[in-house]
Amino acid sequence: MQTILELGFYLLLVLFFSQRTTPATQQVDLFDSLVSLIAITLSVGLARRYLDRRSLKSLGLDIHQGLVLNLLVGFLLAGGLMGGIYIVEWQMGWLEVQGYAWEQVTGTTILGELSYGLLIFGLLPSWQEELTDRGYWLQNIKEGLNIAWGISLTSAIFAGRHLLNPHASSLSTAIIFLAGLWLAYSYFVTRQLWLSLGIHAGWNFFEGLVFGFPVSGLTTFHLIEQKNSGPDWITGGSFGPEAGLVGIVAISLGFLFVYYWGQLCRRGLWAGKNTIS
64 MQTILELGFY
74 LLLVLFFSQR
84 TTPATQQVDL
94 FDSLVSLIAI
104 TLSVGLARRY
114 LDRRSLKSLG
124 LDIHQGLVLN
134 LLVGFLLAGG
144 LMGGIYIVEW
154 QMGWLEVQGY
164 AWEQVTGTTI
174 LGELSYGLLI
184 FGLLPSWQEE
194 LTDRGYWLQN
204 IKEGLNIAWG
214 ISLTSAIFAG
224 RHLLNPHASS
234 LSTAIIFLAG
244 LWLAYSYFVT
254 RQLWLSLGIH
264 AGWNFFEGLV
274 FGFPVSGLTT
284 FHLIEQKNSG
294 PDWITGGSFG
304 PEAGLVGIVA
314 ISLGFLFVYY
324 WGQLCRRGLW
334 AGKNTIS
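Numbering of the sequence shown is given in this note's numbering, commencing with residue 64 and proceeding in unit increments.
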């Protein structure tokens, strides 16, 4: 039902606003992302309220003292993991730096491109996919079946979203499934979506816009212009690190970090229990 509502809202919004947009590529991308954001948020909110008889906040969107901290920790964790991938590939001779954005364009242009990229590749897709995959679907499947089915099915859906991306493969699909397990684990450790939101947004942002890797087969503006020549099964090749061994190692380290972060949370360093109504 939530998916039907989402599709309906999306089509209505596209029809309503289609004559009010210009054909510029960035504007079309932004328009499509914003329409998807509105459609998904409305459909999940209505389904949660009128079908589940619960609030949207109950999915793990409490406004509390730990909100910003968990977002920031997740974002920086992803950045650290991606930085580690970059350093390893550079040290192994699999990555050649060919230039930097500030050698070609102004600081104002860089700031604008980074802001746009953070929105399109980071904040909007992470909100949409975490709200549905780790939010509405995972939690409803868990309650209707069990936690194992909830995590497995939503991780499969998450992996399936990327099947049609350029250069997708069976290996990339398997590793993105693993990433789905990691994001689900991040939710269950904190019982909130903020950590997984930060991880998801940070992974895409640092992967593409900072270090210049493809983001699941997609290219974007980047600060570092680099050429990757390592074995595809290790580096991920044209799909990006989440299609290679480096992605598996990074996600495994991410699991470990989230485990220890959960230990700190339970010792009171995360103020999630102090919610603001």
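Note that beta-carbon positions come from the ideal geometry of N, C-alpha and C, so glycine has one too.
| request: Note the first and the last residue of the continuous alpha helix (DSSP H) segment covering asparagine 133. | output: Bounds of the alpha helix (DSSP H) holding asparagine 133 are 130–154.
| task | Tell whether a beta-carbon distance below 8 Å holds between phenylalanine 240 and serine 259. | result | Their beta carbons are not under 8 Å apart, which means phenylalanine 240 does not touch serine 259 by this criterion.
| field | First and last residue of the uninterrupted alpha helix (DSSP H) at tyrosine 113 | value | Note, tyrosine 113: premise wrong, no alpha helix (DSSP H); not H, not E.
| field | Residues that DSSP places opposite tyrosine 163 in a beta bridge | value | Beta-bridge partners assigned by DSSP to tyrosine 163: Ile287.
| field | Per DSSP, cross-strand counterpart(s) of valine 309 | value | Valine 309 is not bridged to any residue.
| said: My output table needs one value for leucine 226: the three-state DSSP class, helix, strand or coil. | reply: Residue state for leucine 226 is assigned as coil, using DSSP reduced to three classes.
| query | How is valine 252 classed by DSSP in three states: helix, strand or coil? | reply | Three-state result, valine 252: helix.
| task | Kindly confirm or deny that the stretch 299–309 and the stretch 145–164 touch, where touching means at least three C-beta pairs closer than 8 Å. | result | Touching, per the Cβ criterion.
| Run through DSSP, which three-state label would phenylalanine 320 get? | DSSP places phenylalanine 320 in helix when its eight states are reduced to three.
| field | Identity of the residue in Thr171, Gln326, Gln289 and Ala242 nearest alanine 144 by Cα | value | The sequence shown places leucine at residue 144, rather than the alanine named in the question. That would be Ala242, whose Cα lies nearest to the Cα of leucine 144.
| request: Give the DSSP-derived three-state secondary structure of valine 278 in the structure shown. | output: Here valine 278 sits in strand by DSSP.
| Which same chain residues, not among the five before or five after serine 279, have their C-beta less than 7 Å away from its C-beta? | These residues qualify, in order along the chain: His225, Asn228, Phe302, Gly303 and Glu305.
| Separation of glutamine 191 from threonine 104, as counted between CA atoms | Computed Cα separation, rounded: 7 Å.
| field | Proximity of glycine 123 and arginine 329 at Cβ, strictly below 8 Å | value | Cβ atoms of glycine 123 and arginine 329: not closer than 8 Å.
| message | Less than 8 Å between C-beta atoms, sequence neighbours within five positions excluded: which residues of the same chain meet that for tyrosine 199? | response | Gln65, Val107, Ala110, Arg111 and Leu122.
| Would you report the Cα separation of alanine 313 and isoleucine 220, rounded to the nearest angstrom? | Approximately 21 Å, taken between the alpha carbons.
| request: Inspect the beta-carbon positions of tryptophan 245 and phenylalanine 184 and report whether they are closer than 8 Å. | output: Contact flag unset, no.
| Taking the alpha helix (DSSP H) that threonine 169 falls in, what are its first and last residues? | That residue, threonine 169, is in no alpha helix (DSSP H); it is neither H nor E in DSSP.
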